[in-house]
Amino acid sequence: VSTQSTWEVRVAKQLHALMLIHMQRKSSMFWCENQELGYGNTCAITTTPVPLCPYLGMANEAVLCMLWEKINEAEASGSSPSGSGTVPYEDCPYKDQDNGPLACDLWCQLQELTTGTVCTGAPTCPCTLR
Numbered sequence: 644v645s646t647q648s649t650w651e652v653r654v655a656k657q658l659h660a661l662m663l664i665h666m667q668r669k670s671s672m673f674w675c676e677n678q679e680l681g682y683g684n685t686c687a688i689t690t691t692p693v694p695l696c697p698y699l700g701m702a703n704e705a706v707l708c709m710l711w712e713k714i715n716e717a718e719a720s721g722s723s724p725s726g727s728g729t730v731p732y733e734d735c736p737y738k739d740q741d742n743g744p745l746a747c748d749l750w751c752q753l754q755e756l757t758t759g760t761v762c763t764g765a766p767t768c769p770c771t772l773r
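Numbering-wise (my numbering), the sequence shown opens with residue 644 and increments by one.
If you want it as structure tokens, here you go:
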């Protein structure tokens, strides 16, 4: 009987989601190559593919993906926030939810991108990488 830590399960789910994204892209590329080589057809890419949220399958995925999408939108907008200052990490509305530290990390990134405020007092990771 093996037991996995919550962290190990979380990492496994993230890796699985990333592998699915990679496989979908490879499958599309293979189909286009087959069309071109076998039939002389060329795939027309009319839109930029929307990447899948890397937090799918994780606890509280709706919140995590919503924050991730808003971060992507803020980065893509190219606009600079007009404000500055700090916001206490404790103000994060997601801190008591599942995957609260991750959600709050994303929330802090979003605050900095959209308002220019920087989170203060965030906990540091207690883990060490081997």
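Even glycine gets a Cβ: it sits at the ideal position worked out from N, Cα and C.
Note that the structure is predicted; figures quoted are calculated from it, not measured.
The Cβ-Cβ distance between Leu756 and Pro724 falls below 8 Å. A direct Cα-to-Cα measurement between Leu753 and Pro766 gives close to 17 Å.
Rounded to the nearest whole angstrom, the C-alpha separation of Cys751 and Thr685 is 43 Å. Residue range 729-731 is occupied by the beta strand (DSSP E) that includes Pro731. Per DSSP, the continuous alpha helix (DSSP H) segment holding Cys708 begins and ends at 704-720.
Just measuring C-alpha positions, the residue of Glu679, Asn715, Ala717, Val730 sitting nearest Thr763 is Val730. Beta-bridge annotation (DSSP): Cys762 is paired with Val730. Between Leu707 and Ala746 the beta-carbon gap is near 6 Å, inside 8 Å, which marks them as a contact. Rounded to the nearest angstrom, the gap between the Cα atoms of Gly728 and Ala702 is 31 Å.
CA-to-CA, the gap between Pro736 and Tyr682 works out to about 54 Å.
When DSSP states are grouped into helix, strand and coil, Leu695 belongs to the coil group.
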